[in-house]
Amino acid sequence: MANASVQQVRGVPRWLVHLIMILIFLLGTALFLFSYLFLKSPESLLTPLTGAVDQGSRPQFMIYGTFGEGQFKKPLDVTVMNERIYVSDSNNHRIQVFDYDGNFIKRFGTQGYGEGELQFPYGIVGDGNGQLYVADLYRGNISIFDRDGNFLKYFDDGGVLDGPGDLVIKDNKLYVTDINKSQVFVFDLDGKKLLEVGESGRSPGQLLAPNGITVDDQGNMYVVDTGNGRVEIFDAQGKLVKAFNGAPQGQPSVMVNPRGIGIRGDKLYVVSNLTHIVYTFSLDGERLDESFGEMGSMDNQFILPNGLFIDDNGRIYITDTANLRVAVWQ
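Numbering-wise (our numbering), the sequence shown opens with residue 306 and increments by one.
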């Protein structure tokens, strides 16, 4: 009896051994996924680079918000209107406003479901007449404010939108990526739907959770097809022109979770969120040797960048989301 009692105390039940092994396996899997997505260098996530990534480029300046309550909490998009910089501070349910040199002016918006209130402000754009359009991804609508943040009205989309993401206004048309519907909608500024582009899927011309969009002078739409890791170009009538991912045909995309996009001159800039790089392409989708960024918190680095906006002076604004700042490049 004494020996049996000792064995019972010193022995480890089989079920406990199995439980420990399962926990070790799950922990190892979690560490691997974390390392793969966040700790590896960007190059280790890519197919072999056919063009260089310029690690020597530096932004002109950074915008961090103000100390204390004024700090950003998940800045996702940025735009410029009348020499003011507007940033969607998404997890703070507000918009922050800065002058053209990055000095804080004010903030507006509070969490809620009433007029002028926001749940998750995402895409923002000015209309050239001093009105700011703010897409609320969680509420599924677009609010319109004046330049000082006073609520004016909701954009009347006729109930079309479900999860508005990025916004572009060009030639009196509002272009909206709908992340939930996996489509792009084009409206006139009175809310009349003019065009819908794409449908959910992985085939050419289809989209999965599109985020960024930009439009050239001919009305061609460059849509960041986030879920498919590519950019699709549609003409002004919504017909697919080309799809590209920065890699040779049949190879995995160099862009991992692509988000923001913009045009400067004859070049297209695309944010690759999970590789922390901004890639550069020609307007017909050919990869160029002018990409920049890497993972980190130095002034030429990003952690999970998201939005990208290019103003009339050629400045490039990038919301460096996990670094809680906006990088401004000339």
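Note that beta-carbon positions come from the ideal geometry of N, C-alpha and C, so glycine has one too.
- Burial of M386 is indicated by the presence of at least 16 other C-beta atoms within 10 angstroms of its C-beta.
- In the DSSP assignment, E501 falls within the unbroken beta strand (DSSP E) covering 498 to 502.
- If one requires a minimum length of 4 residues, no alpha helix (DSSP H) run lies completely within the region 539 to 605.
- When rounded, the separation of the alpha-carbon atoms in F366 and G428 is 22 Å.
- In this structure, DSSP gives L494 a state outside helix and strand, which the three-state scheme calls coil.
- M603 counts as exposed, since fewer than 16 other beta carbons sit within 10 angstroms of its beta carbon.
- By the CB criterion at 8 Å, F460 and D441 fall outside the cutoff.
- Exclusion of the five residues before and after G524 leaves A541 as the residues of its chain whose Cβ lies within less than 6 Å of its Cβ.
- The criterion of a C-beta distance shorter than 8 Å is satisfied by G496 and D462.
- DSSP, read as helix, strand or coil, puts G375 in helix.
- For Q401, the uninterrupted beta strand (DSSP E) run begins and ends at 399 to 404, by DSSP.
- Contact between G551 and Y574 does not hold, since their C-beta atoms are separated by about 12 Å, which reaches or exceeds 8 Å.
- Considering only D617, M526, Y622, G601, the residue with the shortest C-alpha distance to G590 is M526.
- Here the C-alpha atom of T519 lies approximately 52 Å from the C-alpha atom of L324.
- Excluding its 5 nearest sequence neighbours in each direction, Q606 has C-beta neighbours in its own chain below 6 Å: E599, listed in chain order.
- For G555, the number of other beta carbons within 10 angstroms of its own is below 16, and it is reported as exposed.
- Taking the Cα of V402 as reference, the smallest distance to any Cα among F586, Q416, D451 is reached at D451.
- Distance from I566 to V536 at the Cβ level is roughly 7 Å; contact confirmed, criterion being Cβ atoms closer than 8 Å.
- The three-state secondary structure of I484, taken from DSSP, is coil.
- Around the beta carbon of Y438, 16 or more other beta carbons lie within 10 angstroms, which makes this residue buried.
- Closest by C-alpha distance to R620, out of P563, S448, V633, is V633.
- When C-alpha distances from V473 are compared across L512, I400, T384, the shortest belongs to T384.
- For L499, same chain residues with a beta-carbon under 8 Å away, outside a window of 5 residues either side, are K478, V491, F492, D493 in chain order.
- If the five residues before and after I390 are omitted, its C-beta is found closer than 6 Å to the C-beta atoms of F403, all from its own chain and listed in chain order.
- 8 Å or more divides the Cβ of G370 from the Cβ of F413.
- Following the DSSP letters along the chain, one finds I623 inside the beta strand (DSSP E) bounded by residues 621 to 625.
- Between E420 and F456, the CB-CB gap stays under 8 Å.
- The beta carbons of N578 and P610 sit closer together than 8 Å.
- Under DSSP, R630 forms a beta bridge with D625.
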